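Here is the structure we will look at, set down as structure tokens.
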Amino acid sequence: TILIDSFCKAGLIQQARSWFDEMIKVGCAPNVVTYTALIHAYLKARKLSNANELFEMMFSEGCTPNVVTYTALIDGHCKAGEIEKACQIYARMRGSEKIPDVDMYFRVDDSKAREPNVVTYGALVDGLCKAHKVKEARDLLDAMSVEGCEPNHIVYDALIDGFCKVGKLDEAQEVFAKMSERGYSPNVYTFSSLIDRLFKDKRLDLALKVLSKMLENSCPPNVIIYTVMIDGLCKVGKTDEAYKLMLMMEE
1476 TILIDSFCKA GLIQQARSWF DEMIKVGCAP NVVTYTALIH AYLKARKLSN ANELFEMMFS
1536 EGCTPNVVTY TALIDGHCKA GEIEKACQIY ARMRGSEKIP DVDMYFRVDD SKAREPNVVT
1596 YGALVDGLCK AHKVKEARDL LDAMSVEGCE PNHIVYDALI DGFCKVGKLD EAQEVFAKMS
1656 ERGYSPNVYT FSSLIDRLFK DKRLDLALKV LSKMLENSCP PNVIIYTVMI DGLCKVGKTD
1716 EAYKLMLMME E
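Okay, structure coming up:
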């Protein structure tokens, strides 16, 4: 297992798989760490079919995946844009394998649950938001609360950005408020999502208030935020405000 893990971490997947096959050949059963190391390596190399094949082999050989295995698979499929498959794996993790649609993945029977952690949720929330399935992502935030799993900055940022991208500013602001209530300080990524949406909705005064909030929070805007704001102000003829922002950016 140590040898296979070392090859995997070095990106030498073929060598790792050869030793894995040899291990089985000589009658030494791989454990969950062995399987997970190789699955993770396949996912990192975007070889999802190989990762899925090993995942199924685990079950057939009586080796139960752990939260690390499931999280790696969910994250790998989300990053590859295979959200449906990621949701199927999440459902399987929670103890239900026959679920008809994405909505139902978040209403599974908890009696056979394998508890996801904040990393698992973060990967799935981010993937769902990027696929514009923000309702399902928001449902996961509620599921985290029920499970007593505290969301982290990644979960909140992904949700805020997801709602902003689909034009649901009120929902984004609701998550923003929840994030602040939980003691998380918004970062430049959080503010950037809100400002971009506000300018698209032509709510310039509110966008400028968000900028002031950034400065109050000692969170300096980056060049992307300045560019979006300067461009937006120029388009509506507010050149004086745009010029002030340009001077701020130069400072």
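So the number in the numbering used here is just where the residue sits in the sequence shown, counting from 1, plus 1475.
Every residue gets a Cβ at the ideal spot worked out from N, C-alpha and C, and that includes glycine.
This structure is a prediction, so every number in the text was calculated from the model and none was measured.
{"Item": "Start and end residues, alpha helix (DSSP H) containing arginine 1613", "Value": "1609-1622"}
{"Item": "Burial state of aspartate 1617 (16 or more Cβ within 10 Å)", "Value": "exposed"}
{"Item": "Closest residue to threonine 1509 among Ala1520, Ala1561 and Phe1530 (Cα-Cα distance)", "Value": "Phe1530"}
{"Item": "Leucine 1487 in three-state terms, based on DSSP", "Value": "coil"}
{"Item": "Valine 1559 versus tyrosine 1596: straight-line alpha-carbon distance, rounded", "Value": "Reading off the sequence, residue 1559 comes out as glutamate, not valine. Answer to the nearest angstrom: the Cα atoms are 15 Å apart."}
{"Item": "Simplified DSSP assignment, three categories, for valine 1508", "Value": "helix"}
{"Item": "Reduced DSSP category for cysteine 1694 - H, G, I as helix; E, B as strand; rest coil", "Value": "coil"}
{"Item": "Sequence-distant residues of its chain with Cβ nearer than 7 Å to alanine 1520 (five each side left out)", "Value": "Ile1488"}
{"Item": "CB-CB length for valine 1685 against phenylalanine 1666, believed under 8 Å", "Value": "6 Å"}
{"Item": "CA-to-CA distance, alanine 1612 to serine 1524, given in whole angstroms", "Value": "25 Å"}
{"Item": "Per-residue burial, leucine 1669 [other beta carbons within 10 Å of its own, 16 or more giving buried]", "Value": "buried"}
{"Item": "Close Cβ partners of valine 1650 (< 7 Å) along its chain, the five nearest in sequence each way excluded", "Value": "Tyr1631, Leu1634, Ile1635 and Phe1638"}
{"Item": "Local Cβ density within 10 Å of phenylalanine 1674, reported as buried at 16 or more and exposed below that", "Value": "buried"}
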